[in-house]
Each structure stands twice: as structure tokens, then as C-alpha cells.
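Chains as they are written, first to last, in numbering that gives the first Met the number 0: chain A, 0 to 227; chain B, 0 to 227.
Just so you know, even glycine gets a beta-carbon here, dropped at the ideal spot from N, CA and C.
Here the structure comes first, spelled out in C-alpha cells, and everything after it is commentary.
Protein chains: 2
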Amino acid sequence: MTKKSTRLAKTSAEGGDHPSATRAEMPASNRAARALERRAAIVEAAMEEFIARGFAATRLDDIAKRAGVAKGTIYLHFKDKESMFEELVRIVIVPVVARLTALPPPTGSVRDLIEAFAGNFLKEVIGTRRGDLVRLIVAEGPRFPAVADFYYREVVSRGIAAMRGLIELGIARGEIRQKDLARYPQILVAPAMIAVIWQSLFARHAPLDAQDMLRVHLDLIFGERRTT
Amino acid sequence: MTKKSTRLAKTSAEGGDHPSATRAEMPASNRAARALERRAAIVEAAMEEFIARGFAATRLDDIAKRAGVAKGTIYLHFKDKESMFEELVRIVIVPVVARLTALPPPTGSVRDLIEAFAGNFLKEVIGTRRGDLVRLIVAEGPRFPAVADFYYREVVSRGIAAMRGLIELGIARGEIRQKDLARYPQILVAPAMIAVIWQSLFARHAPLDAQDMLRVHLDLIFGERRTT
DNA sequence: TGACGATGACTGACTAGTCAGTCATAAATG
DNA sequence: CATTTATGACTGACTAGTCAGTCATCGTCA
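Structure representation (C-alpha cells):
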């Protein structure tokens, strides 16, 4: 009468019951480890779906399917769709911030420092899943104040502060002319943000060489690099 | 039973005479005119709702209510929700482009030209409903290729071309040093775009003086303005 | 060590609710 | 009165969230 046959079919059909052979899955460590793995799978899957479809249009069924988990399982890890989305942003962003905060030793010219930063950003954000996350936050931010707040606090305000510090250093060292720039570090990062958005929206129409663009922008700020 | 109180304040100044005074409402011109009004009301309402909630989360019932029409009426003007959204973007953007394309006579320095442009942009886009539209397009673009295409064709590519022209002029006239800038007009507009997004997302955390920021940015490109 | 009951992670059918789109009916118009 | 336009109750498809039941794993004890 009941249709519980699914799991049975799978298990019983496999005559031999070596865990490894039967379970197409993992070395099946202990429960806790498996749970963590599953949670990670859900986060990963949810990420993809939310980026591809936005919050409202994403179905939890799809996330579950992609993560290889039953829908109910999601609710063992997250309270509901909304808080799942909010946690998601935290989960994905925190390690990135952590990595970037571990800044390289301040050696060399300010331009070199910023260039290193830009190179990182290029490699790690522009054109990657993380870049899409940024677009997603721009998209959903107004409907998720908690997300916008978090993003401002953890990423934007820190980033702005760091850039301001760099700019002031550059001014002090005479590398940067324009003193007012320190008041608007946004100007420094604007082209990078534009590059992120451009890749998501217009890359197919007109590919953008983000690296070259950022170089030109830095030339604008520091003066043309002399190949002397 | 019905609450027809909605379309009151509109155009009651029309030559109303014959209809009984009972209709405190519109003397209403002819059918075609009313239809256009309604269509406009729907577009306006849809705009608000889509901006506030995004495409997927917007309910047609809400649009209808806000526009003061029945839901069925929407379907007299638009095929379905999706094409409504796409048409909407066109309807709202076309006049803006038209207005901006009617550029002022190229008098004065390039910097003055661009400053006039920026001033316009500031007044007409940043911090207005139209700014939100830009954010909406960024948000929904990936899910609406038609919208992204249209926006690229009508706004982005034209804007980029126009900016490139201005930059080249500035280089020719010796106002702009950095020749490579002509290859990336995006750099010129990046801070303006950032300002649009900033106002939507972070204004409540840290208000941004967009005008001043744009001035600083232009100083960066043209050199500090001499108070001549 | 091996057997066995307790545990709780996991499942997916199900409920309750939502909303795009339809259409029979009503109002307005000419 | 015939025709065009508007209405909003209704339908059917879809989905967030639930929960009774299952079973792999774990702790315990002979």
C-alpha cells in the first residue's frame, strides 16, 4: 500500500552489501561528518539556484534535488527559505573576507599593493560564482535589509576603510596627487564593481578585458606607469 | 460595493457636461483616451511594484489594485506577466534615452559637457525611481535576456559610444591626458553607476554625496579644476 | 566480540495556501 | 440595441513547510 519501495529497491537490488559498493556515496564516516557534508552540499546547491533564479523564483525542491537530499533535510539545517538565504550569504562571504583581511605585508609602492589587490579581485571575484553573489546581493538587498546590512558591515565598510587607508598612504608618499580621492574610495573600486556587473549582464554582447581596464584606471590615479 | 474612488484626482477638468453629476468622477474624454490613461496607470503601478519586490515576487493583483483597475484589465493591455515586464522596461526607458540623446549643443570645454551630463544624470537618475529601474535591470537581467539585450542596445552601447566620443574629443583638445581612457569609457561612468546602487542599498548606513563624488572623479580625469 | 535496542538523521507524501491567467457577466458607449 | 471594454470570482498549477515513519549508526551489555 505504501510506496516506500524506493530506498528498498536500491539497497536490495545490490546483492552485496559492502557499504562502499552499495553506497555510491562516501566512505560514510560518522554521522556528524556526514551531516556536515550534507549541509555543505545544500549550501552549494542553494547558492547555484539562488544565483541562477533569484530568491523568489528558486524552489526548495530544486535545491534539494541538486544537493542530492530530500526536501525535509533542508529544514534540519535551516529554519526556512528566508533565513536560509540570509545565512547563505554569511556562510559564503565570511571566508572570503577572512582571506582578504589577511592582507599581504605592506611592501613596495602603494600602486603595487593596490595592483596586487586588484589582481586578487580579478582572479577571485570577477567572472566567478562570487561575482554573481555580489550581483545577487545588489538584486535582493532592498528586500533583505538583513543581507544588505550584513554586507555593508562586513564587506563594504571594511573595504572602503582599507582603500581609504591605502589612498592616504599613497597621498603621503606622493604617489597620488588628487587629495580628495581619500574622501571617496568608492571611485577607486568603482570600475571593479562595474566589471563584475558587466560580466554578468553584457559579456555576451561585448566582452570586457577587466584586467586591462583596471590597469588603465590605476594609470589614471597614479599617473601613467613609466616603463623606464 | 465597488470602490471606484481611485481615479478621482486625475483629469476631472475635462469638458464634462452631459453625464449626470452623480458620477463625481471623470467626464472622461473618449474611449481611446481613457484606455491610454489606464494603460499608463498600469505601467506606473507595475513599475513601483516590480521595483519594490522584483519580478517573481510581484503579484498582478497588487499591480491592479495600485493602478485602480481589475486584474482582467491588465490582460487587455499586456499578454502576460513576463512580456509585461519586458514592455515596461522599454516603455520607461525609451523616453529617457530620447531626452538624453537630444544632447545640448557642443559648446564649451569637454569637461563642461560631461559635467552637464553628470548633472542631468544626478537629477534624473540617481536616487530616483529611474535609478531603481537600473538596479532592477541589473537584478533581473540574467533571467530576462530580452531585457538585458534591449538595455545593452538602447542604453549601454549608446552611452558608451557617446562617452567615447567625448573622451576622444577631450584628448584631441588636450583636456584629457590619459589616452587609454578612450578604450574604457566605462571608467568614466563607473562612479555614477556605483552612486545609483549605493543609494538603493547603503544610503541609510552611509549617505553618499554623489554630486561631490562625481566632481572629484572628474578632477581625477581632467586634472583639478582651476578656479579661473 | 557480537547482538540488540535506542537514537536521531533522513525521507517524501501531504497540507494549506498562493497566484497567474480565464471567462461569464456587467457596464459603458455610440 | 449591438458592440466594445471592464470586472472579479474562479480554476488549476505550483510550492513552502510539516511530520509520521524508516533505517543506518551508535552505545551497551553479555
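Looking at residue i: is its Cβ nearer than 8 Å to the Cβ of residue j?
{"i": "residue 140(A)", "j": "residue 112(B)", "result": "no"}
{"i": "residue 87(B)", "j": "residue 42(B)", "result": "yes"}
{"i": "residue 186(A)", "j": "residue 215(B)", "result": "yes"}
{"i": "residue 142(A)", "j": "residue 52(B)", "result": "yes"}
{"i": "residue 188(A)", "j": "residue 164(A)", "result": "no"}
{"i": "residue 211(B)", "j": "residue 218(A)", "result": "no"}
{"i": "residue 121(B)", "j": "residue 209(B)", "result": "yes"}
{"i": "residue 166(A)", "j": "residue 184(A)", "result": "yes"}
{"i": "residue 66(B)", "j": "residue 117(B)", "result": "no"}
Residue i: which of the options sits nearest, CA to CA?
{"i": "residue 57(B)", "options": "99(B), 129(B), 135(B) and 123(B)", "result": "135(B)"}
{"i": "residue 37(B)", "options": "206(B), 97(B), 55(B) and 64(B)", "result": "64(B)"}
{"i": "residue 83(A)", "options": "146(A), 110(A), 184(A) and 192(A)", "result": "146(A)"}
{"i": "residue 220(B)", "options": "85(B), 109(B) and 91(B)", "result": "109(B)"}
{"i": "residue 132(A)", "options": "204(A), 198(A), 71(A) and 75(A)", "result": "198(A)"}
{"i": "residue 55(B)", "options": "120(A), 121(A), 138(A) and 67(A)", "result": "138(A)"}
{"i": "residue 99(B)", "options": "181(B), 123(B), 85(B) and 195(B)", "result": "123(B)"}
{"i": "residue 34(B)", "options": "166(B), 68(B) and 106(B)", "result": "68(B)"}
{"i": "residue 161(B)", "options": "207(B), 173(B) and 96(B)", "result": "96(B)"}
{"i": "residue 150(B)", "options": "29(B), 89(B) and 71(B)", "result": "89(B)"}
Would you report the Cα separation of residue i and residue j, rounded to the nearest angstrom?
{"i": "residue 170(B)", "j": "residue 80(B)", "result": "47 Å"}
{"i": "residue 73(B)", "j": "residue 152(A)", "result": "42 Å"}
{"i": "residue 125(B)", "j": "residue 45(A)", "result": "33 Å"}
{"i": "residue 31(A)", "j": "residue 61(A)", "result": "25 Å"}
{"i": "residue 193(B)", "j": "residue 205(B)", "result": "14 Å"}
{"i": "residue 40(A)", "j": "residue 76(A)", "result": "11 Å"}
{"i": "residue 177(A)", "j": "residue 94(B)", "result": "37 Å"}
{"i": "residue 223(A)", "j": "residue 106(B)", "result": "30 Å"}
{"i": "residue 119(A)", "j": "residue 148(B)", "result": "30 Å"}
Give the interface partners of residue i over in chain B, defined as CB-CB distance under 7 Å, in chain order.
{"i": "residue 179(A)", "result": "215 and 218"}
{"i": "residue 212(A)", "result": "183, 185 and 186"}
{"i": "residue 56(A)", "result": "55"}
{"i": "residue 196(A)", "result": "137"}
{"i": "residue 52(A)", "result": "142"}
{"i": "residue 125(A)", "result": "Here the premise fails: no neighbours, minimum Cβ distance about 13 Å."}
{"i": "residue 193(A)", "result": "185, 189 and 192"}
Strictly below 9 Å CB to CB, what residues from chain A border residue i?
{"i": "residue 46(B)", "result": "Correct list: empty, because the minimum Cβ distance to chain A is about 15 Å."}
Who are the neighbours of residue i on chain B, taking C-beta pairs under 9 Å?
{"i": "residue 204(A)", "result": "147, 148, 151, 152, 155 and 156"}
{"i": "residue 200(A)", "result": "136, 137, 140, 141, 147, 150, 151 and 155"}
Note down, in chain order, every chain A residue with its Cβ under 7 Å from the Cβ of residue i.
{"i": "residue 31(B)", "result": "Those do not exist, as residue 31(B) stays about 36 Å from chain A at its closest Cβ, beyond 7 Å."}
{"i": "residue 170(B)", "result": "In chain order: nothing, as chain A lies at least about 13 Å away."}
Given that residue i touches chain A, what residues does it touch there, using C-beta distances under 8 Å?
{"i": "residue 190(B)", "result": "183, 185, 186 and 189"}
Quick check: is any heavy atom of the ligand NAP less than 7 Å from the C-beta of residue i?
{"i": "residue 75(A)", "result": "The ligand NAP is not among the ligands present in this structure, which contains no ligands whatsoever."}
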